[in-house]
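All remarks here apply to the structure that follows.
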Amino acid sequence: MLALRRGPRLAQALHTRRGAFSRPLSTQVPRYSAKTAVYTTAFVLSTGLFVVYYLDARSAIHQYVLTPVLRYTLDAETGHKFAVKVLKSGLGPRDPCFDDTRLKSELWGQEISNPVGIAAGFDKDGEAIDGLFNLGFSWVEIGSVTPKPQPGNPRPRVFHLPEDSGLINRYGFPSQGHPSVLARLRARIPLFQKEHENAALRPASILAVNLGKNKDSPADSIEDFVTGVRTFGPFSDVLVVNVSSPNTPGLRQVQMLHKYIRGLIDIRRGLQNRELLEKLLTGVTQARDELPVSELTSRRPKLVLKLSPDLDEAQLADIAEVIKESAIDGVIVSNTTIQRPTHLTAVNKSEVGGLSGAPIKPYSLKALRTLRSHLPASIPLIGSGGIFTGADALEYAKAGASFVQVYTGFGYNGVGTCRRIKDQLVVELEKEGTTWAQVVKKAVDELSLKPVPKPEPGEVTIDQLISEAQQLQGLLDKLEEKMDRGGA
Ligand SMILES: Cc1cc2nc3c(=O)[nH]c(=O)nc-3n(C[C@H](O)[C@H](O)[C@H](O)COP(=O)(O)O)c2cc1C
């Protein structure tokens, strides 16, 4: 009625529209649904393809887009935290491939599917353990964890050196402390239905906890490490005793400097001082041996020492002596360095802290070779420092490392780093017609300290000859004395 009063044109328009609406539904649906179906299918397909692409850790987007964007838009520490959050969320990418049999490695008689691990310091509080295993690492090392929570040094405390493929950090052990990290390790266990024989809860893998000291603990106390062994022993495959962080806070450096001046301790090397090292290694191995066998792993954890690359040959030889006399199972060589090679060009090169990445590879390799020559083949070395490619990893194996760890390379090349290193390694090993295990065995056999052969019955050893010579020298001295007196 209203329409009629407004005039015939409006009424006609309304009639036309009503007509449209009153058309049977079956005649409209095909027109709209065909279009919608095309759009929906395209959307679902492209989203699905993108998800598949994103979830593959090898995808170029991770190496060439997401990782550089993170590096250029966020400061180093925020970028690090973001990466941990993504891997913690379960939405991180994955290594989609099985490990080639050429990569099979062995540590302490245990088979490991590949020789590449993520080094300590990336997942300091054990938040992203499974996200990291999913990226293909066979060894995930969390920590350093300190007994009490502590904030670490003030920010900024991590610096990119992109021109040098390096990083400098002076984190100073920020840690949520033993109780939080332990709760996380416990909470992980029920998520895995199957029975597992290791704390990694995955076949042929290792979960390691790296133990650190609280800033306010006495410099020469071993208590924090012993507590760490007792706390994490039942929940880990390997415990790492980290005596090599260069980020000792100012107060500790002053205390240590005083001791150094008194000839007792070295400012940098702290616990690497022989006497303290003996005390530490005895303390931690005793604490480990006193642990009941773990319900999770049916064994006790292996104990591994982590060293600095800044030790000279004499110090490494000294440390090797202490290690040989202890029940330590292996050594990681190395942590970051306080040295600054002259070829560094990045603006951040003079920041205080530990340098990692490509520039430290020569230092770490040198320390590893030296230590290899002072330790018997029965003590495996784990190489860490400047590993970015399969060729780098192989260089470490040829220097006598049984296994390698990556950190800075992972920061620069992103989530596909582990997979790429493994693929490159397979190519190199195929070229040389060998396997990782064979390369390691050859190098370790050739470069390790050779056992001193036991003398055959009746055979004279060098020690015996020296002692006889010393006795003879004593007799000669006495004779000379008598002759002098007689002549006087
Ligand atoms: C940012 C950062 C934090 C680190 N934090 C720790 C740590 O808490 N404990 C430790 O033992 N090593 C720590 N490291 C040393 C690494 O585990 C590794 O041994 C070292 O960086 C050498 O390897 P890369 O050249 O592959 O980084 C840290 C390294 C970086 C770069």
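In UniProt numbering, the protein residues as written are 1 to 488. By construction, the Cβ of each residue, glycine as well, lies at the ideal position given by its N, Cα and C atoms. Just so it is clear, the structure is predicted and the values come from calculations on it, not from any experiment.
In chain order, what residues of the same chain have a beta carbon less than 6 angstroms from the beta carbon of L135, not counting five sequence neighbours either side?
Hits under 6 angstroms: A57, D95, V415 and C418.
Looking at ligand 1, does it come within less than 7 angstroms of S384, judged from the CB to the closest heavy atom?
Yes - ligand 1 has a heavy atom lying nearer than 7 angstroms to the Cβ of S384.
On the CB-based measure, 16 or more other CB atoms within 10 Å of its CB, does V84 come out buried or exposed?
Residue environment analysis places V84 among the buried positions, since at least 16 neighbouring C-beta atoms fall within 10 angstroms of its C-beta.
So what does K306 bridge to, in DSSP terms?
Beta-bridge annotation (DSSP): K306 is paired with N242 and I332.
Any contact between the segment 227-237 and the segment 290-304? By contact I mean 3 or more CB pairs, one from each, below 8 angstroms.
As far as the Cβ criterion goes, the segment 227-237 touches the segment 290-304, which means the pair count is three or higher.
For E141, three-class secondary structure by DSSP
Three-state result, E141: strand.
With a cut-off of 8 angstroms on the beta carbons, I'd call S245 and N335 a contact; round off their distance for me.
With a contact defined as Cβ atoms closer than 8 angstroms, S245 and N335 qualify at about 6 angstroms.
Tell me the residue span of the alpha helix (DSSP H) that contains S448.
Neither: S448 is in no alpha helix (DSSP H) and is coded neither H nor E.
Going by C-alpha distance, which of E481, Q339, Y407 and A320 is nearest R369?
Its Cα nearest to that of R369, the residue A320 stands out among E481, Q339, Y407 and A320.
Checking the sheet assignment: what are the DSSP bridge partners for N169?
DSSP, once it has assigned bridges, lists V158 and G354 as partnering N169.
Rounded to the nearest angstrom, what separates L449 and Q464 at their Cα positions?
Cα to Cα, L449 sits roughly 22 angstroms from Q464.
Measuring CB to CB, does A200 end up less than 8 angstroms from F133?
Yes, the pair counts as a contact, with Cβ atoms nearer than the cut-off.
At a cut-off of 7 angstroms, is S245 close to ligand 1 when judged by its beta-carbon and the heavy atoms of the ligand?
Short note on S245: C-beta closer than 7 angstroms to some heavy atom of ligand 1.
Take L167 as the anchor and find which of R420, F410 and V38 has the nearest alpha-carbon.
F410 is the residue among R420, F410 and V38 whose C-alpha sits nearest the C-alpha of L167.
Can you find at least 3 beta carbon pairs, one from the segment 371-378 and one from the segment 307-327, that sit closer than 8 angstroms?
Verdict: yes, contact present.
T342 (DSSP reduced to helix, strand or coil):
Look at T342 here: in three-state DSSP terms it is coil, with no helix or strand label.
In its own chain, which residues sit with a C-beta less than 6 angstroms from the C-beta of K478, not counting the 5 before and 5 after it?
Hits under 6 angstroms: none found.
Reference S350, options A204, T337 and P362, closest by Cα
Closest by alpha carbon: T337.
Buried or exposed by the 16-neighbour rule on C-beta atoms within 10 Å, applied to F192
Within a 10 Å sphere around the beta-carbon of F192 sit fewer than 16 other beta-carbons, which makes this residue exposed.
With 16 as the cutoff for other CB atoms within 10 Å, does residue 549 come out buried or exposed?
Coverage of the chain is limited to positions 1 through 488, which leaves residue 549 absent and any answer about it impossible.
8 angstroms contact criterion, which V404 and G383 should meet: CB distance rounded
V404 to G383, Cβ: 5 angstroms. Contact.
With DSSP collapsed to three states, give me the class of Q193.
Taken through DSSP and simplified to helix, strand or coil, Q193 comes out as coil.
Going along the chain, which residues of its own chain have a beta-carbon closer than 6 angstroms to the beta-carbon of N153, five neighbours each way excluded?
Cβ within range, chain order: R170 and G172.
Expressed to the nearest angstrom, what Euclidean distance is found between the alpha-carbon atoms of residue 503 and P457?
Only positions 1 to 488 of the chain appear in the structure, and residue 503 is not among them; the question remains open.
So, is R157 buried or exposed, given that buried needs 16 or more other C-beta atoms within 10 angstroms?
R157 sits buried, since 16 or more C-beta atoms from the chains shown fall within 10 Å of its C-beta.
Which stretch, first to last residue, makes up the alpha helix (DSSP H) that contains Q63?
Careful: Q63 lies outside any alpha helix (DSSP H) and carries neither H nor E.
Say yes only if the C-beta of T408 is nearer than 7 angstroms to one or more non-hydrogen atoms of ligand 1, and no if none qualify.
Checking every heavy atom of ligand 1 against the Cβ of T408, one is found closer than 7 angstroms.
Opposite P376 in the DSSP bridges: which residues?
Paired residues: L449.
Could you give the residue range of the beta strand (DSSP E) that holds V415?
From DSSP, V415 is part of no beta strand (DSSP E); its letter is neither H nor E.
Inspect the beta-carbon positions of R102 and V426 and report whether they are closer than 8 angstroms.
Their beta carbons are under 8 angstroms apart, which means R102 touches V426 by this criterion.
Since I believe W436 is in contact with L447 (beta carbons under 8 angstroms), could you give me their beta-carbon distance rounded to a whole number of angstroms?
About 16 angstroms; that fails the 8 angstroms criterion.
With a threshold of 16 other CB atoms inside 10 Å of the CB of I462, please say whether the residue is buried or exposed.
I462 is exposed by the Cβ-count criterion.
Would DSSP call A401 helix, strand or coil?
Here A401 carries a coil assignment [DSSP, helix/strand/coil].
Below 7 angstroms, is the gap between the Cβ of K306 and the nearest heavy atom of ligand 1?
Using a cutoff of 7 angstroms, the CB of K306 counts as near ligand 1, since one of the ligand's heavy atoms is closer than that.
Rounded straight-line distance, which links the Cα of A399 to that of I70
Sequence inspection shows Leu at residue 70; the Ile mentioned does not correspond to that position. In this model, L70 and A399 are separated by some 35 angstroms (Cα to Cα).
Could you check how far apart the C-beta atoms of I379 and I323 are, in whole angstroms? I think they sit under 8 angstroms.
Contact holds; Cβ gap of about 7 angstroms.
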